[in-house]
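What follows is a set of notes on a single structure, which appears directly below.
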Amino acid sequence: MLRALRRESGFYRKLWTLSLPMILQNIITTSLGFADTFMVGLLGNAEMAAVTAANVPVFIIQVVIFGFQSGMAVLVSQYWGRGDTDSINRCLGVALYAVTGFSTAVALVTFFFPAQVLGLITPNQELVDLAVRYIQIVGFSYIFNGISSVYAGVQRCTEFPAFGMILFAISMCVNTFLNFVLIFGKFGAPALGVTGAAVATFTSRAVEFLVAAAFALANRRLPLRWGCILRPGRAVLHAFIRYSTPVVCNEALWSLGTSMLTVIMGHMSNSQDMLAAYALIGNIDKISTVVCFGIAASAAVIVGKEIGMGRDKQRVYEVSWTLLLVSMLVGAAVMALLLVLLPTFFRPVLFPLFKLAPGAVEAATCLSVVYAVFMPMRAFDITNITGVLRAGGDGKTAVLIDTLPLWLVAIPLMAVSGLVLHAPTWIVCIAMQAENVCKCPIGLVRFHSKKWINDITRAVED
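Numbering (this note's numbering), first residue to last: 543 to 1004.
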């Protein structure tokens, strides 16, 4: 393993130069959600559980946007390796059409049928009543977020990840300030509670969009070519559909599956405690995995560029293996940190701060331990699936590895343990993470086969 970690001079400098802005961007984006959870959590357990339920469809929007962004990245990173900026603009155009159409459709559904959507998530009428106005407002914010995220993704794939970090830092600052003002009624504003959190999110996403648009219009490093964006052409459209559809399906199925886990919690006998605990620990988990996702995003850029430059398969394989090992080591370090923080900070400081009920404290503790123990395995899966395999154009295999264990293992086990057997909380939490026991070995076999390495930009030309 140590031999595989030895790379040419400058390799790790390049890796961390790409990764650090993405890690900071992920921290900022996750912190935006954590700010909502923290401030709403100060209102009470019911309000926090309501926002958790309302964020299930929002989470699906976010993940599908990430899917379009990741599908676009497969092409953009390889075109960047070839220096083809016109094709990059065409990819941007297709992704913008797709993201805007999807996010608008979901926003309209959540606006006109909020109670019906929330009723699919939890039968608790108190939570539904609290969350209706929130979900109506916050859905539209992701139309703006989808457009700005796609553009930030293009900048990331062309080796300028700092743009996304700056963009989402601005968004987080606006959101956090407006949360404070509108949730609690500061500076003469009305105290809107849960609705104030939604208004703050909507406003911050609108500001985010305006900043991204201003930068895009002024940028000379990768200038917009409106002819390519508005009329991408059939060749790029077909390539986008061919290589992005598996990624989008992957993210859609994964987000639906993950949302099903939340739905199962919402139907358990201790649903309010489980949802409140998940609202807190879910955000901590997102913060914990930001380094893994940062390395995965860098891997997609590095591996895609290597393939686009025409490197031989052995070179691409060796570079990718190094990236996977780095990701696993980072996951092990995060695991150790979480296990230390649980008795020293989470239980004595963080849980009381959120006023968690005793049942929610038990659930939060179990979730913390389970997330930590599975972290190295999850780190490998994240980089292998979202970084390496996708960058090689192997999206179809990636979707099978990522979704089948979730739908065939984790969801049935959690449903049986939580809804049928009414098993102890720690067993239900382990069932949530059982998918990783399958994903890791299957993904490892596929990686070592080298069948995932494909130059898809040359296939487009052919």
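Quick reminder that beta carbons are idealized off the backbone N, C-alpha and C, glycines included.
For clarity, every value in this text was computed on a predicted model and none was experimentally measured.
In this structure, how does DSSP classify Q975 when only helix, strand and coil are distinguished? Shown here, Q975 sits in coil according to DSSP, grouped into three states, outside any helix or strand.
Unbroken alpha helix (DSSP H) run spanning V1057, endpoints: Coverage of the chain is limited to positions 543 through 1004, which leaves residue 1057 absent and any answer about it impossible.
A760 to M590, Cα distance in whole Å? 41 Å
Test item: CB-CB of M564 and G836 under 7 Å: yes
Start-to-end residues for the alpha helix (DSSP H) that takes in M810: Looking at the DSSP string, M810 is not in any alpha helix (DSSP H), and its letter there is neither H nor E.
Span of the alpha helix (DSSP H), counted from its first residue to its last, around K855: K855: member of the alpha helix (DSSP H) spanning 855-883, first to last residue.
DSSP three-state label for I995, please. coil
Please tell me whether N978 and G934 are closer than 7 Å, where the distance is taken between their beta carbons. no
Take R762 as the anchor and find which of V790, R776, Q697, T925 has the nearest alpha-carbon. Q697
Buried or exposed: which applies to W796, given that a residue is buried once 16 or more other Cβ atoms fall within 10 Å of its Cβ? buried
Residue of V636, A649, C971 minimising C-alpha distance to V773: Residue identity differs from the one stated: residue 773 is Arg in this sequence, not Val. Cα-wise, what sits closest to R773 is V636.
Is it right to say A906 is buried, meaning 16 or more other beta carbons lie within 10 angstroms of its own, or is it exposed? Buried, because 16 or more other Cβ atoms sit within 10 Å of the Cβ of A906.
My parser needs the beta strand (DSSP E) runs of 3 or more residues fully inside the stretch 767-820; what are they? none
What residue range is occupied by the uninterrupted alpha helix (DSSP H) comprising N666? Here N666 belongs to no alpha helix (DSSP H), and DSSP marks it neither H nor E.
Quick one: what's got a C-beta closer than 7 Å to R932's C-beta in the same chain, skipping five residues either side? S612, V616, V789, A842, A940
What does the Cβ neighbour count give for D854, buried or exposed, with the cut at 16 atoms within 10 Å? exposed
Do you know how far the Cα of T718 is from the Cα of D944? 33 Å
Distance, A819 Cα to P890 Cα: 15 Å
With 16 other CB atoms within 10 Å as the buried threshold, where does F887 fall? exposed
According to the Cβ coordinates, are Q567 and F710 closer than 7 Å? yes
Between G609 and A794, which are expected to be in contact by the criterion C-beta below 8 Å, what is the C-beta distance as a whole number of angstroms? 6 Å
Along the chain, where does the alpha helix (DSSP H) containing R549 start, and where does it finish? Counting along the chain, R549 falls outside any alpha helix (DSSP H), and DSSP gives it neither H nor E.
I need the DSSP call for R932, collapsed to helix, strand or coil. helix
Boundaries of the alpha helix (DSSP H) in which E589 is found, first to last residue: 587-624
For T800, which option in G985, W558, A976 has the closest C-alpha, if you only look at C-alpha atoms? A976
Could you give the DSSP three-state label for H990: helix, strand or coil? Reduced to three states, the DSSP call for H990 is helix.
Taking only the alpha-carbon atoms, compute the straight-line gap between T652 and R549 and give it to the nearest angstrom. 49 Å
Do I823 and L909 have their CB atoms nearer than 7 Å? yes
Hey, out of S619, F705, A596, whose CA is closest to G681's CA? The residue with the shortest Cα to Cα distance from G681 is A596.
Please check the pair L720 and S690, which I expect to be a contact at CB under 8 Å, by giving their CB distance rounded to whole angstroms. Not a contact, Cβ separation roughly 17 Å.
Looking only at its own chain, which residues have a Cβ that is under 7 Å from the Cβ of A921, when we skip the five neighbours before and after it? C834, S869, M870, V872, G873
Where does A965 sit, in a helix, a strand or coil, going by DSSP? In the structure shown, A965 sits in coil (DSSP, three-state: anything other than H, G, I, E or B).
Among G929, I603, C980, R624, which one has its Cα closest to the Cα of P947? When only C-alpha atoms are compared, the closest one is C980.
Go ahead and pull the three-state DSSP assignment for R762. coil
Nearest to E668 (by Cα), restricted to the options V600, A592, E701, C982: A592
Give the secondary structure of L560 by DSSP, where H, G and I count as helix, E and B as strand, and everything else as coil. Of the three classes helix, strand and coil, the one that applies to L560 here is helix, per DSSP.
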